[in-house]
Amino acid sequence: MTPSLMNILKDNTLTGDNYVTWKRKIGLLLQSEKHKFVLTTPKPPAPNNESSIMYRDEYEKWKTSDDMAKCYIMATISDVLQQQHEGMESAADIMMSLEEMFAMKPRTTKREAVTAFMNLRMKPGQAVKDHMMKVIAHLNIAELHGAEIDGETKIDMVVNSLSDSFDQFKLDYTLNKKEYTLQGLMQDVQSAEKILVKGKGQEIHMVGKVATVKARQKVKKQQKEKQLGPTKKETKKVTKIKGKCFLCGEKGHWKINCPKSQNKKEEGNVNYLETCFLVDSTDSWIIDSGATNHVCYSLQGFQERRRLSKNEINLRLGNGTLVSASAVGDIRVYLDSRRHLDLIDVYYVPQFKRNLISVSCLNKFGYSVTFNKVFIISKNDKIICQDETYLWHLRLGHINLNRIKRLVSDGPLSDLNVDDLPTCESCLEGKMTKRSFSAKGARATECLGLIHTDVCGPMSIQARGGYEYFITFTDDYSRFGYVYLMRHKSDAFDMFKAFKAEVENQLEKHIKILRSDRGGEYLSGEFQQYLIDNGIVSQFSALGTLQQNGVAERRNITLLDMVRFMFMLSYSTLPISFWGYALQTAIYILNDVPSKSVPKTPHELWTGRKPSLQHLRIFGCPAHVLKGKTEKMESRSETCIFVGYPKETKGYYFYSPSDLKVFVSTNAKFLEKDYMNDFVPRSRIVMNEMSGDIIP
Numbered sequence: 012m013t014p015s016l017m018n019i020l021k022d023n024t025l026t027g028d029n030y031v032t033w034k035r036k037i038g039l040l041l042q043s044e045k046h047k048f049v050l051t052t053p054k055p056p057a058p059n060n061e062s063s064i065m066y067r068d069e070y071e072k073w074k075t076s077d078d079m080a081k082c083y084i085m086a087t088i089s090d091v092l093q094q095q096h097e098g099m100e101s102a103a104d105i106m107m108s109l110e111e112m113f114a115m116k117p118r119t120t121k122r123e124a125v126t127a128f129m130n131l132r133m134k135p136g137q138a139v140k141d142h143m144m145k146v147i148a149h150l151n152i153a154e155l156h157g158a159e160i161d162g163e164t165k166i167d168m169v170v171n172s173l174s175d176s177f178d179q180f181k182l183d184y185t186l187n188k189k190e191y192t193l194q195g196l197m198q199d200v201q202s203a204e205k206i207l208v209k210g211k212g213q214e215i216h217m218v219g220k221v222a223t224v225k226a227r228q229k230v231k232k233q234q235k236e237k238q239l240g241p242t243k244k245e246t247k248k249v250t251k252i253k254g255k256c257f258l259c260g261e262k263g264h265w266k267i268n269c270p271k272s273q274n275k276k277e278e279g280n281v282n283y284l285e286t287c288f289l290v291d292s293t294d295s296w297i298i299d300s301g302a303t304n305h306v307c308y309s310l311q312g313f314q315e316r317r318r319l320s321k322n323e324i325n326l327r328l329g330n331g332t333l334v335s336a337s338a339v340g341d342i343r344v345y346l347d348s349r350r351h352l353d354l355i356d357v358y359y360v361p362q363f364k365r366n367l368i369s370v371s372c373l374n375k376f377g378y379s380v381t382f383n384k385v386f387i388i389s390k391n392d393k394i395i396c397q398d399e400t401y402l403w404h405l406r407l408g409h410i411n412l413n414r415i416k417r418l419v420s421d422g423p424l425s426d427l428n429v430d431d432l433p434t435c436e437s438c439l440e441g442k443m444t445k446r447s448f449s450a451k452g453a454r455a456t457e458c459l460g461l462i463h464t465d466v467c468g469p470m471s472i473q474a475r476g477g478y479e480y481f482i483t484f485t486d487d488y489s490r491f492g493y494v495y496l497m498r499h500k501s502d503a504f505d506m507f508k509a510f511k512a513e514v515e516n517q518l519e520k521h522i523k524i525l526r527s528d529r530g531g532e533y534l535s536g537e538f539q540q541y542l543i544d545n546g547i548v549s550q551f552s553a554l555g556t557l558q559q560n561g562v563a564e565r566r567n568i569t570l571l572d573m574v575r576f577m578f579m580l581s582y583s584t585l586p587i588s589f590w591g592y593a594l595q596t597a598i599y600i601l602n603d604v605p606s607k608s609v610p611k612t613p614h615e616l617w618t619g620r621k622p623s624l625q626h627l628r629i630f631g632c633p634a635h636v637l638k639g640k641t642e643k644m645e646s647r648s649e650t651c652i653f654v655g656y657p658k659e660t661k662g663y664y665f666y667s668p669s670d671l672k673v674f675v676s677t678n679a680k681f682l683e684k685d686y687m688n689d690f691v692p693r694s695r696i697v698m699n700e701m702s703g704d705i706i707p
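Residue numbers (this note's numbering): 12 to 707.
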């Protein structure tokens with residue numbers, strides 16, 4: 012075996028991730044040694060006494076080549092893999108085993124190879140030749156797995172992968188539409204790299220030289236003035252030019268010899284755009300209330316652009332320097348909220364240090380920008396960026412600002428700075444006229460002294476699990492509430508018995524009064540006899556006077572409003588049949604937030620402990636949830652939708668759109684901040700009924 016083949020064996024050990032590259036190289040090695048045929052040719056039967064000499068020679072040839080192929084394969088895999096495969100009979104068996112272990116499905120492999128090629132970017136300081144070779148290698152891998160990329164697209168993707176220092180090259184390529192091969196592109200990019208390095212060195216040298224000379228002159232002048240003081244001649248001179256220049260407003264010269272006057276003569280008739288500051292370079296965009304135009308220093312992100320002639324558009328920097336814009340066009344800026352800003356007429360200036368977004372330009376196109384501790388950008392009342400107050404407004408089921416302020420003052424949200432609440436489109440769309448319940452009866456003085464109850468339904472859309480009704484129970488003293496889903500209205504009696512058993516056991520007290528309307532579910536003989544047997548007084552509202560059962564009526568209206576708001580903001584793939592989960596989430600939230608009717612939160616009055624709100628999330632927001640068991644090459648998480656808080660265990664309810672199941676998990680990363688503004692309000696939706704088992 013030649014030394015070059017020895018190097019291949021040494022430098023290409025199979026570890027798993029490099030299977031595709033290893034398979035190609037081991038194939039080349041076996042082919043060069045004339046042993047590759049054993050991978051596709053079945054092992055012949057062993058010769059016997061009657062076999063011909065030719066057959067014996069063929070068998071020995073196959074056996075020798077197979078032994079050599081096994082040696083090469085075993086020598087190029089890791090020690091762990093050697094131990095697993097050393098007992099296998101043939102090289103073909105070993106290769107088949109490795110294929111099953113490390114080879115991905117063709118579609119997955121092709122997708123990952125193309126993704127790796129598309130995401131490749133030139134690193135700062137990297138030689139362009141090294142980068143191009145790496146790009147070509149990734150391209151070859153993608154094509155090896157079946158990816159079909161036409162020549163023009165290849166060149167576009169390679170050019171796009173170059174670093175920002177090649178922006179001028181990218182601009183020339185885009186505007187001139189020059190046709191390239193990969194070899195020709197590499198030559199031109201390497202030439203551009205040489206010019207870039209040479210020009211950068213000269214520029215740095217010149218700037219350093221000028222700065223040094225000016226600094227030395229300034230120091231010498233200051234030292235001389237300190238030693239000698241002003242002479243008579245100098246005093247006279249100062250007196251002669253006392254006052255300000257009428258052109259620039261500075262002291263020390265007249266308009267006739269103003270440096271800015273000289274600059275303007277050289278500049279000629281051009282359009283000037285004043286910008287407000289000059290800062291260090293980053294990839295961020297700065298919202299600038301003083302800039303009159305959008306400006307960027309990179310060509311990345313331009314959707315359409317036009318090249319500008321020299322001095323067609325000049326911009327003055329904060330330090331007074333004039334620079335010329337090289338191009339103008341439109342840019343789409345993608346925000347963390349998964350929305351985007353379309354910036355019109357953005358000027359490309361490589362000398363700039365940061366990308367600027369002009370507030371005045373945004374205003375021209377209908378945007379509104381508000382600066383505070385955080386800034387808010389909105390268009391047509393759709394907010395793009397907002398503060399933590401709005402986030403908690405969504406997490407808490409769209410409660411009003413006064414309730415949030417009470418949570419801040421009482422402690423659960425003490426770290427939240429509350430100033431104002433932006434207009435919530437879901438609240439405006441979902442508001443409805445509410446009944447006025449002005450009459451107030453005598454209040455209970457302890458928990459379970461009086462329970463308000465009401466049945467709501469049937470709903471127009473059946474909830475998951477076949478539920479069409481729900482019943483609420485609200486404690487008068489604490490305003491702590493329970494809600495139960497029901498398939499039939501007649502289930503109200505069973506729900507009350509379950510409620511009674513739970514709360515009396517938890518609080519070690521007994522229900523004294525049950526107040527309801529005159530619904531048939533409450534008037535049944537069985538229900539009334541049960542109340543009598545347990546010493547519970549049954550109170551009914553008078554005919555036509557819903558006010559007498561106002562607490563229960565208001566509770567149902569509030570719950571339905573919250574459910575409506577939640578679905579207006581929920582993830583677009585969440586069916587309306589999940590209203591049951593939204594209802595359970597709404598009562599969970601109401602128990603933890605302040606009410607005008609009680610001095611503390613219902614949770615604190617019911618349990619004696621202040622509620623914790625830090626685990627709350629926006630109903631319907633997407634989340635990356637860790638899977639329980641996965642294959643080696645599969646993604647370890649999936650995107651699901653948050654649909655509530657389980658009562659029986661810690662964690663969250665998640666809905667998986669892929670298998671239409673609801674499950675509980677504690678391992679999830681919520682995407683609420685990125686997502687909470689990326690929605691279209693759903694004021695009227697017709698959703699097909701989703702079938703499936705509901706988690707109890």
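All C-beta atoms in this analysis are idealised placements derived from N, C-alpha and C, irrespective of residue type, glycine included.
- Going by DSSP, Lys672 is part of the beta strand (DSSP E) stretching over Lys672 to Ser676.
- Glu683 places its beta carbon 8 Å or farther from that of Cys651.
- In the structure shown, Cys372 adopts helical secondary structure according to DSSP, grouped into three states.
- Under the DSSP assignment, Ser108 falls in the alpha helix (DSSP H) whose first and last residues are Ala102 to Phe113.
- Under the Cβ criterion (8 Å, minimum of three pairs), the region 500-507 does not count as touching the region 611-621.
- For Leu333, there is no enclosing alpha helix (DSSP H); the enclosing beta strand (DSSP E) covers residues Leu333 to Ser335.
- Setting aside the 5 residues that flank it on each side, Arg316 is surrounded in the same chain by Ala338 and Gly340, each with a C-beta closer than 6 Å to its C-beta; the list follows chain order.
- Under DSSP, Asp486 shares a beta bridge with Ile462.
- Comparing alpha-carbon positions, the option among Tyr495, Ser62, Met497 and Ser489 lying closest to Leu518 turns out to be Ser489.
- Within a 10 Å sphere around the beta-carbon of Pro55 sit fewer than 16 other beta-carbons, which makes this residue exposed.
- Residue state for Phe180 is assigned as helix, using DSSP reduced to three classes.
- By the Cβ-count criterion, Glu537 is exposed, with fewer than 16 other Cβ atoms from all chains shown falling within 10 Å of its own Cβ.
- The criterion of a C-beta distance shorter than 8 Å is not satisfied by His463 and Arg417.
- DSSP places Phe653 in the strand class (E or B) of the three-state scheme.
- In the three-state scheme derived from DSSP, where H, G and I count as helix and E and B as strand, Phe551 is classed as strand.
- When C-alpha distances from Asn322 are compared across Tyr358, Asn411 and Ser309, the shortest belongs to Tyr358.
- Checking the DSSP bridge columns, you'll see His635 partnered with Thr650 and Lys680.
- Glu204 is positioned such that its CB atom lies no closer than 8 Å to that of Val146.
- A direct Cα-Cα distance of roughly 58 Å separates Leu310 from Tyr495.
- According to DSSP, residue pairing for Ala338 in a beta bridge involves Arg318 and Tyr359.
- Nearest neighbour of Leu585 by Cα position, chosen from Asp77, Leu173, Lys672 and Val636, turns out to be Lys672.
- The distance from the Cβ of Asp421 to that of Pro605 is about 7 Å, consistent with a contact at the 8 Å cut-off.
- Here Tyr83 is near Leu40, since their CB atoms are less than 8 Å apart.
- Taking the C-beta atoms as reference points, Asp528 is found nearer than 8 Å to Asp465.
- Pairing Ser535 with Asn602, the inter-Cα distance amounts to about 30 Å.
- Per DSSP, the unbroken beta strand (DSSP E) holding Met497 starts and ends at Gly492 to Met497.
- With respect to the C-alpha of Phe576, the residue from Leu405, Phe484 and Leu173 having the closest C-alpha is Leu405.
- Taking the CA atoms as reference points, Arg414 sits about 29 Å from Gly468.
- According to DSSP, Asp141 shares a beta bridge with no other residue.
- In this structure Asn516 is exposed. Its beta-carbon is surrounded by fewer than 16 other beta-carbon atoms within 10 angstroms.
- By the criterion of a C-beta distance shorter than 6 Å, Ile297 is surrounded in its chain by Arg365 and Leu367, once the five residues flanking it on both sides are discounted.
- When DSSP states are grouped into helix, strand and coil, Ile298 belongs to the strand group.
- Here Met106 is near Leu50, since their CB atoms are less than 8 Å apart.
- In the DSSP assignment, no residue is bridged to Tyr599.
- The alpha-carbon separation between Ile600 and Arg454 amounts to approximately 23 Å.
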